[in-house]
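S.K.: The structure is given below, and queries will be raised subsequently.
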Amino acid sequence: MTEQMSEEEYLRSEELSPIKREYVGGYVYALHGDTLAQAGATSGQGQLCNNLILALVPNARKRGCSVYQADMRVYIQTPASKPTYYYPDVIATCEPMDKKAIRAQAPNLIVEVLSPRTRHTDLSDKIWAYTSLASLQAYLIVEPDTRLVRAIERVGDGWTERELTKTGQIELPFLGTVLTLDDVYDSVL
8 MTEQMSEEEY LRSEELSPIK REYVGGYVYA LHGDTLAQAG ATSGQGQLCN NLILALVPNA
68 RKRGCSVYQA DMRVYIQTPA SKPTYYYPDV IATCEPMDKK AIRAQAPNLI VEVLSPRTRH
128 TDLSDKIWAY TSLASLQAYL IVEPDTRLVR AIERVGDGWT ERELTKTGQI ELPFLGTVLT
188 LDDVYDSVL
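Start counting the sequence shown at 8; every next residue gets the next number (the working numbering).
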């Protein structure tokens with residue numbers, strides 16, 4: 008389902024919507040069954056997100072940062088784009104967050120666990136959108152059926168990309184921690 012509406016209308020109606028919807032450049036796209044928070048997510052996808060939360064939360068709390076799973080939308084707006092709201096599978100942010108906040112504007116880490124329906128968007132549109140965020144330090148794209156994480160990491164004013172397979176680690180200095188593939192795939196693969 009794709010529907011055109013204003014940003015204000017989207018924000019007002021999202022709170023009452025029976026399904027989660029993302030907003031991209033004036034259009035609303037319903038999320039159906041492919042993210043952790045929607046019916047139809049596999050147990051493996053859910054466990055991967057849980058593993059990430061368990062690995063990230065202790066150090067995030069020590070640094071005054073927060074970690075959210077599937078329900079916190081990320082707001083993206085650049086001078087060249089219209090407002091966009093995505094629901095990543097996991098985010099970590101060190102921005103001050105009020106208990107009634109409905110969006111993160113300065114996430115430091117975004118993680119998407121791939122699914123058949125979201126794969127194309129996660130590997131194309133979202134890379135551009137997420138890396139346009141000045142706050143973002145890393146975007147991790149997690150394969151659910153094989154030990155493979157694509158890590159897109161900020162280096163100075165640019166980005167570097169690498170694939171971690173079987174073993175490997177991602178340094179997350181803003182959280183004072185290192186995330187390993189063993190952390191991500193524990194009890195999954």
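Built from N, CA and C at the ideal position, the CB exists for glycine as well.
#1: What would DSSP say about Pro65, mapped onto helix, strand or coil?
#2: Find the nearest neighbour of Gly163 within the set Lys89, Ala145 and Thr174, judged by alpha-carbon distance.
#3: Under the DSSP definition of a beta bridge, which residues are partnered with Pro114?
#4: In this structure, how does DSSP classify Leu18 when only helix, strand and coil are distinguished?
#5: By the DSSP assignment, the alpha helix (DSSP H) with Ala136 in it spans what residues?
#6: My understanding is that Arg161 touches Lys173, with C-beta atoms under 8 Å, so please give their C-beta distance in whole angstroms.
#7: Considering Tyr92, what are the terminal residues of the alpha helix (DSSP H) in which it resides?
#8: How many Å lie between Asp78 and Tyr94 at the Cα?
#9: Excluding the five sequence neighbours on either side, which residues of its own chain have a C-beta within less than 8 Å of the C-beta of Ile60, listed in chain order?
#10: If you reduce the DSSP assignment to three classes, tell me which class Asp41 lands in.
#11: Decide if Tyr129 is buried, meaning its Cβ has at least 16 other Cβ atoms within 10 Å, or exposed.
#12: In this structure, how does DSSP classify Leu155 when only helix, strand and coil are distinguished?
#13: Using CA atoms only, rank isn't needed, just tell me which of Glu119, Lys89, Val81 and Leu140 is closest to Ala111.
#14: Classify Ser13: buried if its beta carbon has 16 or more other beta carbons within 10 angstroms, exposed otherwise.
M.R.: Answer, in terms of the structure:
#1: Locating residue 65 in the sequence shown gives position 58, where the first residue counts as 1. Three-state result, Pro65: helix.
#2: Locating residue 163 in the sequence shown gives position 156, counting from the first residue. The shortest Cα separation from Gly163 among Lys89, Ala145 and Thr174 belongs to Ala145.
#3: In the sequence shown, residue 114 corresponds to position 107, counting from 1. Beta-bridge pairing links Pro114 to Thr100.
#4: Position 11 of the sequence shown holds residue 18. Correct three-state label for Leu18: helix.
#5: Within the sequence shown, residue 136 is the residue found at index 129, counting from 1. Taken as a continuous stretch (DSSP letters only), the alpha helix (DSSP H) holding Ala136 covers Asp132 to Thr138.
#6: Locating residue 161 in the sequence shown gives position 154, counting from the first residue. Locating residue 173 in the sequence shown gives position 166, counting from the first residue. That pair is no contact at about 25 Å.
#7: Here the question's residue 92 lines up with position 85 in the sequence shown. Careful: Tyr92 lies outside any alpha helix (DSSP H), inside the beta strand (DSSP E) at Thr91 to Tyr93.
#8: The count along the sequence shown starts at 1 and reaches residue 78 at position 71. The count along the sequence shown starts at 1 and reaches residue 94 at position 87. Each residue's Cα considered, the two are about 6 Å apart.
#9: Taking the sequence shown and counting its residues from 1, the one referred to as residue 60 is at position 53. Within the same chain, Val74, Gln76 and Val97 come within 8 Å of Ile60 by CB-CB distance, once the 5 residues on both sides are set aside.
#10: Within the sequence shown, numbered from 1, the residue matching residue 41 stands at position 34. Residue confidence for Asp41 is low, a pLDDT of 43 falling below 50, so the modelled location carries little weight; the figure read from the coordinates is stated next. Reduced to three states, the DSSP call for Asp41 is coil.
#11: Sequence index remark: in the sequence shown, residue 129 carries index 122 (1-based). Tyr is not the amino acid found at residue 129; the sequence shown has Asp there. Asp129 is classed as buried because its beta carbon has at least 16 other beta carbons within 10 Å across all chains shown.
#12: Counting from 1 along the sequence shown, the entry for residue 155 is found at position 148. Reduced to three states, the DSSP call for Leu155 is strand.
#13: Walking along the sequence shown from the start, residue 111 turns up at place 104. Residue Val81 is the option with its Cα nearest to Ala111.
#14: Mapped onto the sequence shown, residue 13 falls at position 6. That one is exposed.
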